[in-house]
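Its first residue numbered 34, the sequence shown is counted upward by one per residue in my numbering. Working notes, structure below.
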Amino acid sequence: MLVDEAKILLGFSTNSCPTPCQVKAAYRRKISEAYTCLLSAITGTRQEGQHGVGYSRVVRSGVPRGGRKNHPLIGIPFLFIILGTVTLGGTNVARAYRKQRADCPSHNPFLP
């Protein structure tokens with residue numbers, strides 16, 4: 034859609050330069066004309082009265098995030114995995130070193 038077409042659709046003349054507030058008001062007016070069901074829900078056909086909702090809460094995730102943080106408890110299993118991997122690697126290196134020392138003690142570059 035071109036700018037001129039949008040201006041005509043919103044009710045402005047093609048040579049006008051509307052402010053953002055005027056454009057916002059025109060959009061709201063067009064929406065209220067097109068969706069009358071939304072307008073009736075907003076204006077107060079409800080039984081609660083003329084006032085809107087006084088308090089609303091936005092839920093950003095389905096997981097409750099309380100005040101207590103358990104970051105160390107979450108990291109402990111990963112710490113065990115890392116330590117186990119290092120221990121297993123060290124055991125394999127020590128076994129290979131002992132095997133090479135037993136096979137050729139004079140040609141071992143690791144021995145002094």
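Using N, Cα and C, we set each Cβ at its ideal position, and we do this for glycine too. The model shown is predicted, which means the values in this text are computed figures rather than measured ones.
From the options, residue whose alpha carbon lies closest to that of residue i
i   : options             : result
I64 : T47, H104, C50, L42 : L42
R61 : A127, G122, G44     : G44
Run of the alpha helix (DSSP H) containing residue i, from where it starts to where it stops
i    : result
T47  : First-last for T47: undefined, no H or E at that position.
T52  : Premise fails: T52 is in no alpha helix (DSSP H) and is neither H nor E.
V126 : 104-136
Backbone CA spacing between residue i and residue j [nearest angstrom]
i    : j    : result
K40  : G108 : 58 angstroms
V119 : F111 : 12 angstroms
L116 : V91  : 42 angstroms
C137 : R128 : 14 angstroms
A67  : L35  : 21 angstroms
A59  : H104 : 51 angstroms
I114 : K132 : 27 angstroms
E81  : K57  : With a pLDDT of 49 at E81, under the threshold of 50, the predicted position of this residue should be treated as unreliable, though the coordinate-derived value follows. Their backbone Cα atoms lie some 29 angstroms apart in a straight line.
C70  : C50  : 31 angstroms
G122 : A135 : 20 angstroms
Supposed contact pair residue j and residue i - C-beta distance, whole angstroms, cut 8 angstroms
i   : j   : result
T52 : D37 : That belief does not hold up - the Cβ atoms of T52 and D37 are roughly 18 angstroms apart, past 8 angstroms.
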